[in-house]
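Peer 1:
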Amino acid sequence: MEGNVTEDLFSRLAPETLGDIFTHCLPAEAEPISPNTAPLLLTRVCQRWRQTCLGTPNLWQKINLGRRLGQDPLFILDLFLAQSGALPLTVTLPLPRSTSIELIEILINRILDHFHRVLVLEGHTSRLFPYFIYKRLSSSGGSPHIYAPLLTRINVTGFDIPRELSKNDEEHLRNCIFAPNLEELHLNTSRIILSMVRFSPESLKVLGGLYIVDVAQTTDMAFLCQASNLNTLGLVIHDIYEDVVFKIPHQILLPNLKRLNILLFGDRFMGILESFLFPNIEELNIHVRGIASFPRVVELITKGQTPPLRSIRIASSSPDDDDDLGIRLGSFLRFKEIEELKLHGFTLSEQNLRLFLENENNEYQLFPRLSSILLRKITFRGSSCETIMRILRDRSISNSKSPVYAKFHNCSFPLDDKKALEALRGELETTNTRLKIDVVDDDAGKYAVADKYI
């Protein structure tokens with residue numbers, strides 16, 4: 001489409017026609033359209049679109065090497081680096097299973113050449129990533145640090161301490177990445193990467209979110225004492241070896257923490273929580289191996305205090321150990337401001353539900369302000385599903401401030417509950433209960449009702 005006459009005709013085409021031209025020009029094997037692939041697809045439509053695309057740097061800011069592009073990833077990386085100009089970058093690291101180790105090292109070094117432009121670093125990559133950085137720093141003869149002034153978020157998994165690194169090498173990597181504006185750090189298998197990030201008192205004041213998967217490998221947590229503005233903390237604690245010695249201060253006060261995610265897969269190191277003080281948490285997410293340990297976890301987190309909790313999520317890895325769930329949830333009796341309850345992976349009986357949801361003497365003892373309940377992968381016994389809906393209906397009538405919302409996601413119901421649910425819906429359709437119920441099922445063969453208002 002060259003020449004003024006052609007361009008005038010092109011500019012007068014309807015958007016629908018332009019869309020048809022665009023779709024027709026796409027290759028049959030094209031990736032799904034997304035911000036990551038759009039620049040590559042746009043250049044194939046016509047010469048004019050190609051020139052416009054190549055002259056628009058902000059189309060090239062997201063470099064996703066974590067998918068199969070069907071082209072040379074080094075060519076793709078160089079193309080995005082060049083066309084994005086000097087703009088900040090979001091980089092998704094290459095998948096180790098789909099890329100050779102030699103190529104990953106080349107890609108990592110090319111990214112490190114432009115690390116001063118990286119805004120977000122994410123992805124799942126080779127355990128050799130720290131080793132590549134070590135090789136670069138030890139052979140460069142220049143600065144032993146990597147400066148990342150724009151980096152605000154790291155979200156990476158798959159790292160581990162490479163066998164190629166000695167203890168001295170690990171020490172050489174300590175504090176090698178300086179990111180003074182880092183706001184969120186999400187690490188899986190994290191000890192080596194966590195030690196690589198250089199925290200200063202100033203940068204810790206910026207840090208708002210920290211997620212450490214496998215705390216067993218993070219032995220020194222003293223830096224958290226200075227993370228005064230931390231808003232979100234996630235800790236995954238596994239059983240670990242007897243000889244691991246934690247370096248945890250006697251007290252870690254996090255006054256601005258609002259969201260706490262705790263996943264415990266072993267009782268032996270729940271004592272880690274004893275050093276933490278969370279006076280102002282509003283959202284608590286607890287995943288435990290068995291519900292029996294739940295009250296102890298709550299006590300370790302709250303220290304007998306009553307933070308302004310508004311949302312709790314409880315998940316269990318032992319769904320058959322839930323006959324006393326209502327009693328265990330009594331740990332939250334003093335928290336009167338809770339509005340949202342999420343349960344994942346339990347077996348619920350009618351007795352259980354009545355114990356922690358039904359009122360007594362016209363007063364709800366537990367969760368009196370509950371306005372949202374989300375149930376995921378719950379197995380209902382007997383008529384427990386019908387019971388919970390009737391209880392929620394009663395709550396929606398008594399709750400004048402806001403409607404009550406309930407969502408059942410991939411839950412298992414007895415066969416009779418399908419008829420009970422239909423009968424209940426017919427009964428409630430004639431009343432204004434301000435109750436919204438979603439029943440969502442991603443698995444075939446189960447009863448599902450999508451986005452029904454009752």
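Taken in order, the sequence shown gives residues 1 to 454; the numbers are from the UniProt record's numbering.
Backbone N, C-alpha and C define an ideal beta-carbon position, used for all residues, glycine too.
Measure the alpha-carbon distance for residue 496 versus F332 and round it to whole angstroms.
Peer 2: Residue 496 is absent from the structure shown; the chain starts at 1 and stops at 454.
Peer 1: Taking C-alpha atoms, which residue in G55, I312, T347, V297 lies nearest to N410?
Peer 2: Locating residue 410 in the sequence shown gives position 410, where the first residue counts as 1. The shortest C-alpha separation from N410 is found at T347.
Peer 1: Locate the alpha helix (DSSP H) running through E299, then write down its first and last residues.
Peer 2: Taking the first residue of the sequence shown as position 1, residue 299 is located at position 299. Run containing E299: 294–302, per the alpha helix (DSSP H) assignment.
Peer 1: In the DSSP assignment, what are the bridge partners of Y131?
Peer 2: The residue given as residue 131 occupies position 131 in the sequence shown. In the DSSP output, where bridge partners are listed per residue, Y131 has none listed.
Peer 1: Is T6 helix, strand or coil when you go by DSSP?
Peer 2: Here residue 6 corresponds to residue number 6 of the sequence shown, with the count starting at 1. Any answer about T6 is weak, because its pLDDT of 45 lies below 50 and its placement is not dependable; what the coordinates show is given next. Note: T6 maps to helix in three-state DSSP.
Peer 1: Taking 7 Å as the limit between beta carbons, can you name the residues of its chain near F335, skipping five residues before and five after?
Peer 2: By 1-based counting over the sequence shown, the position of residue 335 is 335. So the list reads T306, L309, once near-sequence residues are dropped.
Peer 1: Measuring CA to CA, which of E183, L204, F129, P201 is closest to L173?
Peer 2: One-based indexing of the sequence shown puts residue 173 at position 173. Considering only alpha carbons, the answer is F129.
Peer 1: Indicate the three-state DSSP secondary structure (helix, strand or coil) for residue 455 in the structure shown.
Peer 2: Outside the displayed range of the chain (1 to 454) lies residue 455, so it cannot be described from this structure.
Peer 1: Measure the alpha-carbon distance for E202 versus R110 and round it to whole angstroms.
Peer 2: Start at 1 with the first residue of the sequence shown, and residue 202 comes out as number 202. Start at 1 with the first residue of the sequence shown, and residue 110 comes out as number 110. Each residue's alpha carbon lies about 29 Å from the other.
Peer 1: Alpha carbon to alpha carbon, what distance is there between L89 and L277?
Peer 2: Stepping through the sequence shown from its first residue, residue 277 is reached at position 277. Stepping through the sequence shown from its first residue, residue 89 is reached at position 89. Each residue's alpha carbon lies about 36 Å from the other.
Peer 1: If you draw a straight line from the C-alpha of I286 to the C-alpha of A82, how long is it?
Peer 2: By one-based count along the sequence shown, residue 286 stands at place 286. By one-based count along the sequence shown, residue 82 stands at place 82. Straight-line Cα distance between these residues: approximately 45 Å.
Peer 1: Using the rule of at least 16 other Cβ atoms within 10 Å of the residue's Cβ for burial, across every protein chain shown, is I101 buried or exposed?
Peer 2: Locating residue 101 in the sequence shown gives position 101, where the first residue counts as 1. Answer is exposed; the Cβ neighbour count stays below 16.
Peer 1: Three-state secondary structure (DSSP) at A30?
Peer 2: For the purposes of this step, residue 30 is taken as residue 30 along the sequence shown, with counting starting at 1. Caution applies to A30, whose pLDDT of 48 falls short of 50 and renders its modelled position unreliable; the value that the coordinates give is listed next. Three-state DSSP puts A30 in coil, outside helix and strand.
Peer 1: Checking 7 Å against the spacing of the C-beta atoms, do L264 and L233 come in under that value?
Peer 2: Stepping through the sequence shown from its first residue, residue 264 is reached at position 264. Stepping through the sequence shown from its first residue, residue 233 is reached at position 233. It is not a contact, given that the beta carbons lie outside the stated cut-off.
Peer 1: In the DSSP assignment, the alpha helix (DSSP H) including residue 455 goes from what residue to what residue?
Peer 2: Within the shown structure, residues of the chain are numbered from 1 to 454, placing residue 455 beyond reach of any answer.
Peer 1: Note down the Cα distance separating D321 from Q61, rounded to an integer number of angstroms.
Peer 2: Numbered from 1 along the sequence shown, position 321 holds the residue referred to as residue 321. Numbered from 1 along the sequence shown, position 61 holds the residue referred to as residue 61. Residue placement at D321 cannot be trusted, given a pLDDT of 48 that sits under 50; what the coordinates show is reported in the next sentence. Between D321 and Q61, the C-alpha separation is close to 49 Å.
Peer 1: Kindly give me the distance between the Cβ atoms of A179 and V156, rounded to whole angstroms, as I take these residues to be in contact under 8 Å.
Peer 2: Counting from one through the sequence shown, the residue named residue 179 turns up at place 179. Counting from one through the sequence shown, the residue named residue 156 turns up at place 156. Not confirmed; about 13 Å, so no contact.
Peer 1: Considering Cα atoms alone, identify which of L235, I281, S195, P249 is closest to N229.
Peer 2: Position 229 of the sequence shown, counted from the start, is the residue given in the question as residue 229. The candidate whose alpha carbon is nearest that of N229 is I281.
Peer 1: Whose C-alpha, out of L210, L370, H344, I106, is nearest the C-alpha of V236?
Peer 2: Counting from 1 along the sequence shown, the entry for residue 236 is found at position 236. Comparing Cα-Cα distances from V236 to each of L210, L370, H344, I106, the minimum goes to L210.
Peer 1: What residues match up with E184 in a beta bridge as DSSP calls it?
Peer 2: On the sequence shown, position 184 is the one that residue 184 refers to. For E184, which the question treats as bridged, DSSP gives the partners R153, G209.
Peer 1: Apart from the five residues just before and just after L253, which ones in its own chain have a Cβ nearer than 6 Å to its Cβ?
Peer 2: Numbered from 1 along the sequence shown, position 253 holds the residue referred to as residue 253. Excluding positions up to five away in sequence, the list reads L277.
Peer 1: Provide the residue(s) that pair with N285 in DSSP beta bridges, ordered along the chain.
Peer 2: Working through the sequence shown from its first residue, we reach residue 285 at position 285. Per DSSP, N261, R313.
Peer 1: Near E184, which residues of its chain fall below 6 Å by C-beta distance, leaving aside the five closest residues on each side in sequence?
Peer 2: As a first step, residue 184 is located in the sequence shown; it is residue number 184 there, counting from the start. Contacts found: R153, G209.
Peer 1: Please report how far the alpha carbon of H186 lies from the alpha carbon of L40, in whole angstroms.
Peer 2: As a working note, residue 186 is residue 186 in the sequence shown. As a working note, residue 40 is residue 40 in the sequence shown. Going by the C-alpha atoms only, they are around 30 Å apart.
Peer 1: For the beta strand (DSSP E) that contains R110, what are its first and last residues?
Peer 2: In the sequence shown, the residue the question calls residue 110 occupies position 110. Note, R110: premise wrong, no beta strand (DSSP E); alpha helix (DSSP H) at 101–113.
Peer 1: In the DSSP assignment, the beta strand (DSSP E) including F408 goes from what residue to what residue?
Peer 2: Indexing the sequence shown from 1 puts residue 408 at position 408. It spans 404–409 - the beta strand (DSSP E) in which F408 sits, taken as one unbroken run.
Peer 1: Go ahead and pull the three-state DSSP assignment for R174.
Peer 2: To locate residue 174, count along the sequence shown from 1; it is residue 174. Coil, per DSSP.
Peer 1: D394 by DSSP, collapsed to three states: which one?
Peer 2: Numbered from 1 along the sequence shown, position 394 holds the residue referred to as residue 394. Reduced to three states, the DSSP call for D394 is helix.
Peer 1: Taking only three categories from DSSP, how would you classify I373?
Peer 2: As a working mapping, residue 373 is identified with position 373 in the sequence shown. Strand at I373.
Peer 1: List the endpoints of the continuous alpha helix (DSSP H) containing T52.
Peer 2: Taking the sequence shown and counting its residues from 1, one reaches residue 52 at position 52. Where T52 is concerned, the enclosing alpha helix (DSSP H) stretches over 47–54.
Peer 1: Do you know how far the Cα of R117 is from the Cα of I76?
Peer 2: Residue numbering aside, residue 76 sits at position 76 when the sequence shown is read from its first letter. Residue numbering aside, residue 117 sits at position 117 when the sequence shown is read from its first letter. Computed Cα separation, rounded: 17 Å.
Peer 1: Strictly by DSSP, which residues pair up with I146?
Peer 2: Along the sequence shown, read from residue 1 onward, the residue named residue 146 stands at position 146. Note: I146 sits in a beta bridge opposite I177.
Peer 1: Thinking C-alpha only, which one of N58, P73, T56, P57 is nearest N64?
Peer 2: Along the sequence shown, one-based indexing puts residue 64 at 64. The residue with the shortest Cα to Cα distance from N64 is P73.
Peer 1: Between I391 and S275, what straight-line distance do the alpha-carbon atoms span, to the nearest angstrom?
Peer 2: On the sequence shown, position 391 is the one that residue 391 refers to. On the sequence shown, position 275 is the one that residue 275 refers to. Their backbone Cα atoms lie some 39 Å apart in a straight line.
Peer 1: How big is the Cα-Cα spacing for K436 and L374?
Peer 2: As a first step, residue 436 is located in the sequence shown; it is residue number 436 there, counting from the start. As a first step, residue 374 is located in the sequence shown; it is residue number 374 there, counting from the start. Each residue's Cα considered, the two are about 12 Å apart.
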